[in-house]
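Protein sequence lines, in the order shown, are assigned to chains A and B.
So the number in my numbering is just where the residue sits in the first sequence, counting from 1, plus 135.
Take the second sequence: its position 354, counting from 1, is numbered 347 in my numbering, and each next residue is one higher.
Don't be surprised by glycine CBs; every beta carbon is placed ideally from N, CA and C.
Worksheet: one structure, shown below.
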Amino acid sequence: MTRSRRPSLQTTAVVLALAEKPTAWRYGYQLCQQLGLKPGSLYPILVRLADRDLLETTWDTEVPAGRPPRHLYRLTGSGRALATELAAAAASATATRRSGPKGRPNEGWQGA
Amino acid sequence: MAGRVRWTRRRVQTVTTWVVVVAWVVFYAAALATADPLPPLETAVAQLVVPPLLWVVAARLVVRHWWSEPESRTSAMDLPGRLLAAAAAALPERRHAWGRAMTAELAEVRRRSARWRFALSSVRATLWLPAAGSWPLLALVTGVAVAATTAAGPAVGAAAPGLKVFAVTFTALVGAMVVLAVARSRRPRLRLPAPAPTILVTAGVAASIAATMVFLRREPAAAEYLPPPAAMYLAAVLAGCLWVALASPRWLGTSRLAPHLGAAAAVVFAAWFWLANRTDGTEPPLPLLLVLAPVLVLAPLAVFFVPAFAAGRAGRSFRSGLQAAVWTVTAIIPLTYAVWLPEGLRRYAIDGRLLIDGEAVAPVGANLADALAFCLGILPVFGLTLAVIGAGLGARTTDRAGPNDPS
């Protein structure tokens, strides 16, 4: 039986931020600023998401001359499914806090 | 911007010079204050002037080449950029893209303090990126490494109690290296870019361990000359030599010539050292003496300088010379140490004197302390300095023709 682990609050925040505009490509620095995360926290999360095929990456080559190409990120299909699951879990947790404890969400998640 | 220091090459060289000189003067003054007896005046002056002179020349050459290396894009970067670029370059192959991603994002950060924060935090990220290897294999290898480290102490301690700390430290370090190699690579495999030098260094490390074991078994009282800090240092240096030979970082393995030059120099040095001890006290005929005298004096200097100079010149880059320098020192340390201990025992059995200064009152175990100080202290410090100067001068002779590392 596979043991599932609830993603950390920071991972959840990154996934939900990427899911705000699921088709849009996002920059790492942009995510750092939006979420108030340091790159030392953000990049390991992005690496884990990409390793689990939850995150798609590409290079932005349309940068001003003399600047290196930037890395872009967006959720894959399974990443978007996870985001939906996490959003539902967050909503359910809010409801639970009002009415009492229930079962654990995110059974498909393997930890981050 | 007003009040902001602009770090030009000349300014960095000047600061480096002053840091080296002041640090050495302070250190030497403290050493003299506790010295009993004081050295003669000429010796003190030479000791005060020569080492920092060599270090300053070497450090200025390093700064000069680091700053002007055309193949490096770091010369246009500020310090946070250089720091992050260096950390990103050390990432394993499979994580390279993430290093480039962080470096590219840093280019978008404008404010100086924000750039430092972003760079330092990204460096932390490069150290803690998730392992690329498979977790079950990693767990298995970690388990084996921990078990081996735990078992090494009692097992070696039973045979040679004085070697217990060394055994535990060495096994732990080698285990950590193996765990790191598995974590960094999806399919860990042993790559030997230069098999002969790798085998030579590995054999040198094995011989050093065996020689220490034999020495301590024959002279158990010598364990007092291998206190825990010295044992840990010996273990760290020998493990470091193995790391360079078996899993050298990318920047060390780009020149095909450098490892071979370094290994050849190490063999020459070990042979010179052995020969110098074996011929000590003999009186060769005058013509042979005239030939041997300059060889015996110049050989130890040349073995460090020449390979680095030749590699720097052949590769047309400072980096190639530096690679030869590192390989030379890496191979010379274990080989010389492995020759020293048996020769020390032999010499002591003949006339009751130590190997290096012929002191007649010291116990045989003092050979171990001498070997540690010379092979693991003086050799790497001064040998590497001479080699760096060789690398710098070798690359400098090709600068006008347009340096271009073919690797």
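The C-beta distance from LEU170(A) to ALA154(A) rounds to 13 Å, too long to meet the 8 Å contact threshold. Below the 7 Å Cβ cutoff, chain B contributes ALA97, GLU98 as neighbours of ARG205(A), in chain order.
Membership of ASP195(A) in the beta strand (DSSP E) is indicated by the continuous run 190 to 195.
Rounded to whole angstroms, ARG117(B) and ALA144(B) show a C-alpha spacing of 33 Å.
By the beta-carbon neighbour count (other beta carbons within 10 angstroms, threshold 16), GLN168(A) is exposed. The Cβ-Cβ distance between ARG57(B) and GLY314(B) does not fall below 9 Å.
Interface with chain A (9 Å Cβ-Cβ cutoff): LEU113(B) is included. Straight across, the Cα-Cα distance linking PRO327(B) with VAL296(B) is about 15 Å.
Proximity of the region 211 to 231 of chain B to the region 256 to 268 of chain B falls short of the contact definition, fewer than three beta-carbon pairs being nearer than 8 Å.
Residue range 105 to 120 is occupied by the alpha helix (DSSP H) that includes ARG108(B).
CA-CA distance, ARG53(B) to GLY146(B), rounds to 44 Å.
The three-state reading of DSSP puts LEU72(B) in helix, counting H, G and I together.
Within chain B, the C-beta atoms nearer than 9 Å to that of ARG202(A) come from ALA97, ALA100, GLU101, in chain order. Residue-level contact check: TRP109(B) does not touch chain A, since none of the beta carbons of chain A fall below 9 Å from its beta carbon. The alpha-carbon of VAL50(B) is positioned some 11 Å away from that of VAL43(B).
Not one beta carbon of chain B lies nearer than 9 Å to the beta carbon of GLY212(A). Remark: C-beta atoms of SER114(B) and GLY163(A) do not approach each other more closely than 9 Å. For LEU210(A), DSSP records a beta bridge to LEU190(A).
For the region 161 to 183 of chain A, the residues whose beta carbon sits under 7 Å from a beta carbon of chain B are, in order, TYR162, GLY163, TYR164, LYS173, PRO174, GLY175, TYR178, PRO179, VAL182, ARG183. Under the three-state reduction of DSSP, ARG340(B) is assigned to helix. Leaving aside the five residues that flank VAL167(B) on each side, the residues in its chain whose CB is nearer than 7 Å to its CB run, in chain order, ALA232, LEU235. Excluding residues up to 5 positions away in sequence, nothing lies with its Cβ nearer than 6 Å to the Cβ of LEU239(B) in the same chain. Taking VAL198(B) as the centre and dropping the five residues before and after it, the same chain places the C-beta of LEU231, CYS234, LEU235, PRO327 closer than 7 Å to its C-beta, in chain order.
Here ASP188(A) is exposed, its C-beta having fewer than 16 other C-beta atoms within 10 Å. Among the CB atoms of chain B, none fall inside 9 Å of the CB of THR219(A). In this chain, the alpha helix (DSSP H) harbouring TYR164(A) covers 163 to 170. At a cut-off of 9 Å between beta-carbon atoms, THR147(A) makes no contact with chain B. Burial of ASP363(B) is indicated by the presence of at least 16 other C-beta atoms within 10 angstroms of its C-beta. Note that the C-beta distance between GLY150(B) and ALA165(B) is not below 9 Å.
Non-local beta-carbon contacts of LEU348(B) in its own chain, meaning distances under 7 Å to residues more than five positions away in sequence, involve ASN270, TRP333, GLU336, GLY337, ARG340, ASN360, ASP363 in chain order. Beta bridge pairing from DSSP links ARG205(A) with ASP195(A).
Residues of the region 77 to 95 of chain B with a C-beta less than 9 Å from any C-beta of chain A: ARG88, ALA90, TRP91, ARG93, ALA94, MET95, listed in chain order.
In this structure, GLY383(B) places its C-beta atom within 9 Å of the C-beta atom of PHE302(B).
For VAL194(B), the enclosing alpha helix (DSSP H) has its first and last residue at 188 to 211. The alpha-carbon of GLY74(B) is positioned some 19 Å away from that of VAL55(B).
CA-to-CA, the gap between ALA317(B) and LEU177(A) works out to about 39 Å.
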